[in-house]
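Reviewing the structure listed below.
Protein chains: 2
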Amino acid sequence: MTVKTNDKKGISGFSKLSKDEKLRWMAESHFNNADEVVQEMESFNHPNGDLQKTLNGFSENTISNFPMPYGLAPNFLIDGKMYTVPMVIEESSVVAAASHAAKFWSKRGGFKTEILGTVKVGQVHFTWDGDYEKLVRNFAEVKALLLEETQHITHNMRKRGGGVLDIELLNLNHLEPDYYQLKVSFETCDSMGANFINSVLEEFGKTFKRKLKQDFGAEPLIIMAILSNYTPNCVVRASVECPVSQLGKFPGEMPSEVFAQKFYKAVRIATIDPYRATTHNKGIFNGIDAVVIATANDFRAVEAGGHTYASKDGQYRSLSHCSIKDGIFKFWLDIPLALGTVGGLTKLHPLAKRSLELLGNPSAKELMSVVASVGLAQNFGALRSLVTVGIQEGHMKMHLQNILRHLNANETECEKTQAHFKDKVVSFSAVRDFVNTLR
Amino acid sequence: MTVKTNDKKGISGFSKLSKDEKLRWMAESHFNNADEVVQEMESFNHPNGDLQKTLNGFSENTISNFPMPYGLAPNFLIDGKMYTVPMVIEESSVVAAASHAAKFWSKRGGFKTEILGTVKVGQVHFTWDGDYEKLVRNFAEVKALLLEETQHITHNMRKRGGGVLDIELLNLNHLEPDYYQLKVSFETCDSMGANFINSVLEEFGKTFKRKLKQDFGAEPLIIMAILSNYTPNCVVRASVECPVSQLGKFPGEMPSEVFAQKFYKAVRIATIDPYRATTHNKGIFNGIDAVVIATANDFRAVEAGGHTYASKDGQYRSLSHCSIKDGIFKFWLDIPLALGTVGGLTKLHPLAKRSLELLGNPSAKELMSVVASVGLAQNFGALRSLVTVGIQEGHMKMHLQNILRHLNANETECEKTQAHFKDKVVSFSAVRDFVNTLR
Chain A
64 MTVKTNDKKG
74 ISGFSKLSKD
84 EKLRWMAESH
94 FNNADEVVQE
104 MESFNHPNGD
114 LQKTLNGFSE
124 NTISNFPMPY
134 GLAPNFLIDG
144 KMYTVPMVIE
154 ESSVVAAASH
164 AAKFWSKRGG
174 FKTEILGTVK
184 VGQVHFTWDG
194 DYEKLVRNFA
204 EVKALLLEET
214 QHITHNMRKR
224 GGGVLDIELL
234 NLNHLEPDYY
244 QLKVSFETCD
254 SMGANFINSV
264 LEEFGKTFKR
274 KLKQDFGAEP
284 LIIMAILSNY
294 TPNCVVRASV
304 ECPVSQLGKF
314 PGEMPSEVFA
324 QKFYKAVRIA
334 TIDPYRATTH
344 NKGIFNGIDA
354 VVIATANDFR
364 AVEAGGHTYA
374 SKDGQYRSLS
384 HCSIKDGIFK
394 FWLDIPLALG
404 TVGGLTKLHP
414 LAKRSLELLG
424 NPSAKELMSV
434 VASVGLAQNF
444 GALRSLVTVG
454 IQEGHMKMHL
464 QNILRHLNAN
474 ETECEKTQAH
484 FKDKVVSFSA
494 VRDFVNTLR
Chain B
64 MTVKTNDKKG
74 ISGFSKLSKD
84 EKLRWMAESH
94 FNNADEVVQE
104 MESFNHPNGD
114 LQKTLNGFSE
124 NTISNFPMPY
134 GLAPNFLIDG
144 KMYTVPMVIE
154 ESSVVAAASH
164 AAKFWSKRGG
174 FKTEILGTVK
184 VGQVHFTWDG
194 DYEKLVRNFA
204 EVKALLLEET
214 QHITHNMRKR
224 GGGVLDIELL
234 NLNHLEPDYY
244 QLKVSFETCD
254 SMGANFINSV
264 LEEFGKTFKR
274 KLKQDFGAEP
284 LIIMAILSNY
294 TPNCVVRASV
304 ECPVSQLGKF
314 PGEMPSEVFA
324 QKFYKAVRIA
334 TIDPYRATTH
344 NKGIFNGIDA
354 VVIATANDFR
364 AVEAGGHTYA
374 SKDGQYRSLS
384 HCSIKDGIFK
394 FWLDIPLALG
404 TVGGLTKLHP
414 LAKRSLELLG
424 NPSAKELMSV
434 VASVGLAQNF
444 GALRSLVTVG
454 IQEGHMKMHL
464 QNILRHLNAN
474 ETECEKTQAH
484 FKDKVVSFSA
494 VRDFVNTLR
């Protein structure tokens, strides 16, 4: 195999091209209908040029905007306050399920939340062959210097009530020769804090290297300095509860007692079986990510931290829990959420800014409460469907509608197709083939 | 606390309102500048009304589109073929890092991939107090009936070479009284398969219930029937390798041998420390999710399956691995990816359709190879920065540019601000305050 650097699909200096030139190159080297492709891609740009420039600047090599559906889940009663929650998600049934669950629980006291902690974590990883015992003895002095030499970075955050909470020295030699960590805990107030944390840690690395060389005659090798997205002490609990008797009627005339028992069992299964836990938690993140994206927070960070938390006891398990005691049905979720309502893109993305306004410009803690409640609502909605009618009934109906819309089916075609697929699997090709037989 | 159902922010019958009415209600009940908000939200709609209707239909209660930057990472040489990869992501530096790593490896043989399996999983969860030993003895007959009675659902998939591969009966009584599973494995060819799998499983549930009642005199309670997003046998391996001596020069005149050792150590740390593993894998998903979204696949499914896989041996660990042997640097990633290139929204979302065309209309397997390669490239890029100059240098520069653009700073203001923040933490408020002192 030879490296085809002269292949028309390879290119040098791409990042230096203008947006128009990038788009043109892509279209001409990858498509036969280049003009059409350019025109289509451009049609997704925002008509306001300045605003579009802002969007372009969020990432690199941008050629267009990818539109995701922006929807609303109203009637979220959380800690006594009513919210209309913005959700950005491409999957059908998610917003409908969240809205349904929100309304259901708004009549039963709503969601209650509790912030269990807001501590974030960063690490300076290093190897060192110096005198560890001496470093331990002198660590208070080292720590003081680290804090002192980052005062210019931490100044604003300290004014807001945050900053560096603690610096621990961890000896991990038993796992890897000469390997140590500075494990640092932070309070970052209403910001997610990634930039702040990373700036502090990189500065710590420099000071630490100098100090150890100077005082201990052995320079550490700083492997890397960076925040951790695992934040087991930045956690929110969201819960709902009501008497089993007040859960109401369910599809197929299922009594509330049977529903509660099946629901409890479904959560129990997600606790003991990793295959089920994965999909159970995936449903929770359907709701969580939709709000995280709508507020321009980082959903990869939230996913990573949440899933690691789900595996913290050595087996991957459900993030939500259910109990039925003394006739009370209780359902709750503990989830680590490192979110910001200032900083990052929260104010820069025009719709994220609107999302936060829609939520009443919440603090980061309040946003944690909202996001966790939506995750719990989503999980409730998914399990409610699963233990009663199954999820396919709703999914298939919506998927079929999407396909029919895409095929520009008329009313008669829609009716006939819906009847035909009542007991069949909806797939794009199957629906297209059937509609073609009608035409 | 009373439920404020009459609160102006609560509403009944919301889902039945038109899109315009939903938007109007949201604006009027949550904003003081309702007209402005309506106008702004509408400005994000696509000018083509039919196309916008298609986008609206993907989810529920949609009031607008949320634009995400659509960018390109060119020069991805994967299994000897050159790709320009579409990436949808709001985080800065991700596309730049992927592009840089792609180009770097394109000169060193490119990415090699191997599909380790394509088996997907679904489960019928049930409790039963019937004669288990007898069920085991007769399971071949039960299985045959399950397959027979889903032939109308599996027909098309079987024609394409897929279908149900196997049905296992699992006894999990030791974990939960009377709890069993039908664990079903599937081949879903070029579709992600969620709808197919769920339809088959729900039908299995019905048949199974009837059959057990009839033959064993005891009806099982089907708790739920649904696919699993944990697919440890639907895995792709992506790798890069070259002699250490050919890795080239790195920032700060770091020799390739030092770079390789620090890089190796960084991967090793992510293998032994869950705090680091979380962020390490988060970086991999920065790349993976960007392609998954650009092709309208389900990133929550991919995240959930990948993170569970990372915790499969009882501790959450790095998904990528590194070795240096006989002077050869090797870096690879094993990741479960359940993706589709047909079905779902892949053809329905206009830009997802274009993304797949841009990639040459790949099969699902080929898309797995591309996505995994981008994940590996992302990880390489992140570690490359971390073990050399740190990630803040690049991040901060881009973040500052975003903020200055937002503040409509002129050239002089930009220059002065960039100089001022050279050694300070960039935050929106700090930059705004500084720019204001210049005005």
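Protein sequence lines correspond, in order, to chains A and B.
Quick note on the working numbering: the first sequence kicks off at 64 and runs consecutively.
Quick note on the working numbering: the second sequence kicks off at 64 and runs consecutively.
Idealized CB from N, CA, C, for every residue including glycine.
Computed from a predicted structure; not experimentally measured.
Under 8 Å from the C-beta of residue i: neighbouring residues of chain A
i        : result
PRO132/B : LEU118, ASN119, PHE121, SER122, THR125, ASN128 and PHE129
ILE152/B : SER122
GLU304/B : Within 8 Å Cβ-Cβ: nothing; GLU304/B doesn't reach chain A, min ~14 Å.
TYR338/B : VAL184, GLN186, LYS246, SER291 and TYR293
ILE391/B : Under the 8 Å cutoff, chain A gives no residues; its nearest Cβ is about 17 Å from ILE391/B.
PHE259/B : VAL488 and SER490
Chain-ordered chain A contacts of residue i [CB-CB under 7 Å]
i        : result
HIS93/B  : THR147 and LEU421
VAL299/B : Per Cβ cutoff of 7 Å: no residues; VAL299/B is ~18 Å from chain A at best.
LYS325/B : ILE286
SER374/B : SER374 and TYR379
GLY368/B : THR341
VAL330/B : None at all; the shortest Cβ gap to chain A is about 10 Å.
GLN464/B : GLY120
Rounded straight-line distance, which links the Cα of residue j to that of residue i
i        : j        : result
GLY368/B : LEU402/B : 11 Å
PHE313/B : TRP168/B : 14 Å
HIS370/A : LEU501/B : 46 Å
ALA391/B : PHE322/B : According to the sequence displayed, residue 391/B carries Ile and not Ala. Cα-Cα distance, rounded: 13 Å.
VAL330/B : SER383/B : 7 Å
GLN481/A : ASN499/A : 14 Å
GLY180/A : ASN96/B  : 36 Å
ILE230/B : ALA203/B : 10 Å
GLY224/B : THR251/B : 8 Å
THR65/B  : ASN128/A : Interpretation of THR65/B is limited by its pLDDT of 34, a score under 50 that renders its predicted location unreliable; no figure is taken from the coordinates.
THR217/A : ASN292/A : 20 Å
PRO240/A : ILE335/B : 12 Å
ARG447/A : PHE326/A : 7 Å
LYS272/A : LEU245/A : 12 Å
ASN360/B : THR409/B : 7 Å
LYS479/A : GLN464/A : 13 Å
MET311/A : GLU304/A : This sequence places Gly at residue 311/A; Met is not what is there. Near 13 Å, if we compare the C-alpha coordinates of GLU304/A and GLY311/A.
TYR379/B : PHE348/B : 15 Å
ASP376/B : TYR338/A : 14 Å
LYS183/A : GLY406/A : 16 Å
ASN261/A : GLY457/B : 12 Å
Contacts of residue i in chain B (Cβ-Cβ under 9 Å)
i        : result
ILE230/A : Chain B residues near ILE230/A: none, gap ~15 Å exceeds 9 Å.
VAL182/A : Simply none; closest approach about 13 Å.
LYS107/A : Before going on, a small fix: residue 107/A reads as Phe here, not Lys. Under the 9 Å cutoff, chain B gives HIS109, ASN128, PRO130, TYR133, PRO413 and LEU414.
Local conformation of residue i per DSSP, three classes
i        : result
GLY185/B : strand
VAL489/B : coil
GLU31/A  : Absent from the structure is residue 31/A, since the part of chain A shown begins at 64 and ends at 502.
TYR133/B : strand
MET64/A  : Confidence at MET64/A is low in this model, with a pLDDT of 32, below 50, so its placement is unreliable and no value can be given for it.
ILE289/A : strand
GLY226/B : strand
SER248/B : strand
ASN56/A  : Only positions 64 to 502 of chain A appear in the structure, and residue 56/A is not among them; the question remains open.
ILE260/A : helix
LEU284/B : strand
SER374/B : coil
Chain-ordered neighbours of residue i on chain B, where CB pairs are closer than 7 Å
i        : result
HIS384/A : The contacting residues do not exist; HIS384/A stays about 15 Å from chain B at best.
HIS483/A : Result: empty, since nearest Cβ-Cβ is about 12 Å, beyond 7 Å.
GLY406/A : SER490 and PHE491
Contacts of residue i in chain B (Cβ-Cβ under 8 Å)
i        : result
LYS410/A : HIS469 and PHE491
- Touching or not, the region 148 to 166 of chain A and the region 295 to 302 of chain A, by the rule of three or more beta carbon pairs under 8 Å? No, the region 148 to 166 of chain A does not touch the region 295 to 302 of chain A.
- Continuous beta strand (DSSP E) assignments of at least 3 residues falling wholly in the region 299 to 370 of chain B: none
- Task: Return the chain-ordered ranges of every alpha helix (DSSP H) run that is complete within the region 383 to 459 of chain A and spans a minimum of 4 residues.
- Result: 413 to 421 and 427 to 450
- Message: Can you confirm whether the region 349 to 356 of chain B touches the region 141 to 161 of chain B when touching is taken to mean that 3 or more C-beta pairs between the two stretches lie within less than 8 Å?
- Response: With the cut-off at 8 Å, the region 141 to 161 of chain B and the region 349 to 356 of chain B touch.
- Query: Using 8 Å as the Cβ pair cut-off and three pairs as the minimum, do the region 207 to 221 of chain B and the region 413 to 433 of chain B touch?
  - Reply: no
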